[in-house]
Amino acid sequence: LFVFQYPIRPASMTYDDVTHLSAKIKPKQQKVELEMAIDTLNPNYCRSKGEQIALNVDGTCTDETSTYSSKLMDKQTFCSSQAASNVSRYAAAVYKKGELHLTPLHGILQLRPSFTYLDKADAKHREREAANEGGDSSQDEAEDDVKQITVRFSRPETEQARQRRVQSYEFLQKRQAEEHWVHLHYYGLKDSRSEHERQYLFSQGHGLAENTELIKSPSEYLMMLMPPSVEEENDKPVAPSNVLSMAQLRTLPLADQIKILMKNVKVMPFANLMSLLGSGTDSTAVLRCIQQVAMLVQGNWVVKSDVLYPKDTSSPHSGVPAEVLCRGRDFVMWKFTQDRWVVRKEVAAVTKLCPEDVKDFLEHMSVARINKGWEFMLPYDEDFVKKHPDIVQRQHMLWMGIQAKLEKVYNLLKEHLTPKKQEAQSAHPLLVSGEQRVNMAKAKVKQNYGQLEKELQKQKAEIKSNDTSAKMDVSNIRVKEEPVSDEEPMDTSAYEGMNNGIVNGLHVEEDSTDSLNGHMPGGCLDRVAQELKAFVSSTFKKQFVLTLSELKRLFNLHLASLPPGHTLFSGISDKMLQDMVLDTGCKQILVPFPPQTAASPDELKVYALWEAGDTYDQHRQVLLEIFSKNYRVRRNVIQNQLSQECGEDLNKQEVDKVLK
1 LFVFQYPIRP ASMTYDDVTH LSAKIKPKQQ KVELEMAIDT LNPNYCRSKG
51 EQIALNVDGT CTDETSTYSS KLMDKQTFCS SQAASNVSRY AAAVYKKGEL
101 HLTPLHGILQ LRPSFTYLDK ADAKHREREA ANEGGDSSQD EAEDDVKQIT
151 VRFSRPETEQ ARQRRVQSYE FLQKRQAEEH WVHLHYYGLK DSRSEHERQY
201 LFSQGHGLAE NTELIKSPSE YLMMLMPPSV EEENDKPVAP SNVLSMAQLR
251 TLPLADQIKI LMKNVKVMPF ANLMSLLGSG TDSTAVLRCI QQVAMLVQGN
301 WVVKSDVLYP KDTSSPHSGV PAEVLCRGRD FVMWKFTQDR WVVRKEVAAV
351 TKLCPEDVKD FLEHMSVARI NKGWEFMLPY DEDFVKKHPD IVQRQHMLWM
401 GIQAKLEKVY NLLKEHLTPK KQEAQSAHPL LVSGEQRVNM AKAKVKQNYG
451 QLEKELQKQK AEIKSNDTSA KMDVSNIRVK EEPVSDEEPM DTSAYEGMNN
501 GIVNGLHVEE DSTDSLNGHM PGGCLDRVAQ ELKAFVSSTF KKQFVLTLSE
551 LKRLFNLHLA SLPPGHTLFS GISDKMLQDM VLDTGCKQIL VPFPPQTAAS
601 PDELKVYALW EAGDTYDQHR QVLLEIFSKN YRVRRNVIQN QLSQECGEDL
651 NKQEVDKVLK
């Protein structure tokens, strides 16, 4: 049953004209088309405009294909469209004698005017223009031009091509056009058939006993009438990726919670992270997870670069791959482990990245200051450093490994490695005259005169007290004896002169060298010696010859791979490391490097495995003796010396093996 309600009523159309209405339908598409007559005799109808529209659409000739046979626009077409995708919640209501009768609807169509006749008029206009142009350009139509025709045979259609063709817009339009219209018969409002159909809108039952569903409370009835929509719940707008719901976040595993938080915040103190994770969270588990997604910078945690720039991604600004972006951001993070200030131009000059990418790196972890540079956004977290020294030491070792990679990739110079003092950057030279200097010196002497007088009186009092205490019994006084070493403890930071007194979050204090000079309990010292000996032995069996600088770098990487709280974290000095190298059968080779060399002292100390237990021990010792006399030797000299000392002629392959 189709019930039509006119969406609009033109001024020239009355409800009495429904006898001139024709309707047709395409059932598969649920498409309806109505054609209604227009009262051309109505005073509101513009006859000249109607004639002009009919002339544009049909032209001067009239035949069966004409849209307007009366040469006047005397009808209007309405086409339907779906008004709602889900109409199961809608009903048609009829109120009669205090009763409300509801009938469910299976479809709601909205009728709109169709203007296809305008397309037909445009097509006629283009045909006339083409005919006029063709008539003007061709002077002699008797002679036909001979044109070459190319014949092509269609290829067999593949399954993928067929699926694309079936899903194309043109194919769907063609299928819709192929469906035939089914013409409908219209019954007026007062027709007997309409009256009969209208009776189906009323319920046939007259007693409430039959309608047991209505014997319910008002709330239950409303719930039946308007059930909760599942679609609306599913179609709720999804929150943006940078907006977090803490309730949903705490339902995820701990590692995922920390990763999401660090990816969004980027820089966070450990105390703030614990407060976001909620009470009852194990701090040890959090420390284990945070090290997988973040690095320690000035006591605060900064998200790792590979978390922000995953593999197979690129920069939205320059299209640079993620690997290059991670390397550049690691350089910025490393610079902040050396100093609280970073200059943007220096970062761009080293990384060779576009300014937009460098700005993104800096905005992740710092704040711009006018005429100063970029300052790390959070203060130094001294509490975390004091509570977790093993984590700080482990992170420091990781930064040493990252620094070694950055040095190789960017060819860093000494000015990049040495942190600059902020005071030196902002200082400006001042011109002071000689008279001003004299006045300043006099004022300073007057200011310090009182302090010098007090110090003199204090010294006199100390001399008197020492004379009286000299008579005391000193038999119970014990003096702590410690071995005196000329060697300084191993500097695991490789750099000096920190502006803020930190080495990747590790404070350098005056009494912090005690644990680095090997002063440990006896049992712990034995375990440390065993672990250190195992490392040195395995390292020299792989590489045979190492400088002290390279050995320290490998040792730092080895420490970074150890779990927190390992015995080697108690502190290893340079002297302990060198003594262990000599105890494992290695010798120091005094290579005579040139005096003008730019190598550091640690790079000039060369150690070699003297006896490896293989057949080339003698050849290796001869080779090391050669290099102890000269740092650069020709190959033929080496081969001759090996032949004389070993008493046998070595071929090229054997010499290459010894040299390697």
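When you line the sequence shown up against UniProt numbering, it's residues 1 to 660, in that order. Beta carbons: idealized from backbone N, C-alpha and C, even for Gly. Small disclaimer: the values here were computed from a predicted structure and weren't measured.
Roughly how many angstroms lie between the CA atoms of P43 and M224, to the nearest whole one?
Roughly 53 Å between the two C-alpha positions.
Restricting to Cα atoms, I'd like to know which of A560, V528, L308 and P27 is closest to A322.
Looking at the Cα atoms, L308 is the closest of the given residues.
Using 10 angstroms around the beta-carbon of Q393, count the other beta-carbons present and answer buried if the total reaches 16, otherwise exposed.
It is buried - the Cβ of Q393 has at least 16 other Cβ atoms within 10 Å.
Cα-Cα separation between Q110 and K75, rounded to whole angstroms:
Taking the straight line joining both Cα atoms gives about 19 Å.
Within 8 Å, do at least three Cβ pairs link the region 345 to 362 to the region 259 to 266?
No, the region 259 to 266 does not touch the region 345 to 362.
Looking only at its chain, what residues have a beta carbon closer than 6 Å to the beta carbon of P310, apart from the 5 residues adjacent to it on each side?
Here the set comprises nothing.
Run of the alpha helix (DSSP H) containing N264, from where it starts to where it stops:
Residues L254 to V265.
Within 10 angstroms of the Cβ of D583, are there 16 or more other Cβ atoms? Answer buried if so, exposed if not.
Counting C-beta atoms within 10 angstroms of its own C-beta, D583 has fewer than 16 neighbours from the protein chains shown and is therefore classed as exposed.
Determine the contact status of T60 and S69, defining contact as a CB-CB distance below 8 Å.
At a Cβ-Cβ threshold of 8 Å, T60 and S69 do not count as neighbours.
I'd like the span of the beta strand (DSSP E) that includes A608, first residue to last.
Counting along the chain, the beta strand (DSSP E) containing A608 begins and ends at V606 to L609.
Jot down the residue ranges of each uninterrupted beta strand (DSSP E) in the region 276 to 340, minimum 3 residues, whole runs only, in chain order.
As far as the region 276 to 340 is concerned, its whole beta strand (DSSP E) runs of at least 3 residues are 294 to 297 and 300 to 303.
Does the region 580 to 594 come into contact with the region 528 to 539, if we say contact requires no fewer than three beta-carbon pairs (one atom in each stretch) closer than 8 Å?
When C-beta atoms of the region 580 to 594 are compared with those of the region 528 to 539, three or more pairs fall below 8 Å, so the two segments count as touching.
Flag this pair as yes or no: are the beta carbons of V87 and L100 separated by less than 8 Å?
No, Cβ-Cβ distance for V87 and L100 is not below 8 Å.
Tell me the DSSP secondary structure of K24 in three-state form.
Strand.
With DSSP as the reference, please indicate the residues paired to C79 in a beta bridge.
Looking at the DSSP assignment, C79 forms a beta bridge with E33 and R112.
So, helix, strand or coil for H101, using DSSP?
Annotated three-state conformation of H101 is strand, per DSSP.
Might you give, ordered along the chain, the residues of its own chain that have their beta carbon closer than 6 Å to the beta carbon of M246, omitting 5 neighbours on each side?
Nothing listed; no residue qualifies.
Look at the Cβ atom of H185, then the Cβ atom of K24, and state whether they are nearer than 8 Å.
Contact: no.
Using a Cβ-Cβ cutoff of less than 7 Å, which residues in the same chain neighbour V92 once the five nearest sequence positions on both sides are dropped?
One detail in the question is off: residue 92 reads as Ala in this sequence, not Val. Contacts found: T103, L105 and L201.
Determine the extent of the alpha helix (DSSP H) in which G50 is found, giving its start and end residues.
For G50, the enclosing alpha helix (DSSP H) begins and ends at R47 to D58.
Buried versus exposed call for C289 [16 or more other C-beta atoms within 10 Å across all chains shown]
Label assigned to C289: buried.
Could you check if D330 is buried or exposed, using at least 16 other CB atoms within 10 Å of its CB as the buried criterion?
D330 comes out buried.
Using only alpha-carbon positions, find the residue among S628, E625, K629 and N651 that is nearest to N636.
Taking only the C-alpha atoms, the option nearest N636 is N651.
First through last residue of the alpha helix (DSSP H) which encompasses F376
Counting along the chain, F376 falls outside any alpha helix (DSSP H), though it belongs to the beta strand (DSSP E) covering G373 to F376.
Can you give the Cα-Cα distance for R632 and V350, rounded to whole angstroms?
Each residue's Cα considered, the two are about 33 Å apart.
Is there a Cβ of chain B sitting closer than 8 Å to that of V445, yes or no?
No chain B is present in this structure, which holds just one protein chain.
Measuring CA to CA, which of H619, P594 and E531 is closest to M576?
M576 has its Cα closest to that of E531, out of H619, P594 and E531.
Residues near E375 by beta carbon distance below 7 Å, same chain, minus five either side:
Cβ within range, chain order: R340, W341, S366, V367 and R369.
Could you round the C-beta distance between A54 and K71 to whole angstroms and report it? I think they count as a contact, below 8 Å.
Approximately 5 Å separates the beta-carbon atoms of A54 and K71; this is inside 8 Å, confirming the contact.
So who's on the other strand from A368, going by DSSP bridges?
Beta bridge pairing from DSSP links A368 with W374.
Could you give the distance in angstroms between the alpha-carbon of F270 and the alpha-carbon of F336?
Cα-Cα distance, rounded: 18 Å.
Grouping DSSP H, G and I as helix and E and B as strand, with all else coil, what is E648?
Here E648 carries a coil assignment [DSSP, helix/strand/coil].
Since V32 and Y117 are thought to touch, with beta carbons under 8 Å apart, how far apart are those beta carbons, to the nearest angstrom?
So it is not a contact: roughly 18 Å between Cβ atoms.
CB of M226 within 8 Å of CB of R89, strictly
In contact: M226 and R89 (Cβ atoms closer than 8 Å).
Under the rule that 16 or more other beta-carbon atoms within 10 Å means buried, what is D574, buried or exposed?
By the neighbour-count definition (other C-beta atoms within 10 Å, threshold 16), D574 is a buried residue.
To which residues of the same chain is V545 closer than 7 Å at the C-beta, ignoring the five residues directly before and after it?
Counting only Cβ-Cβ distances below 7 Å, and skipping sequence neighbours, we find V606 and A608.
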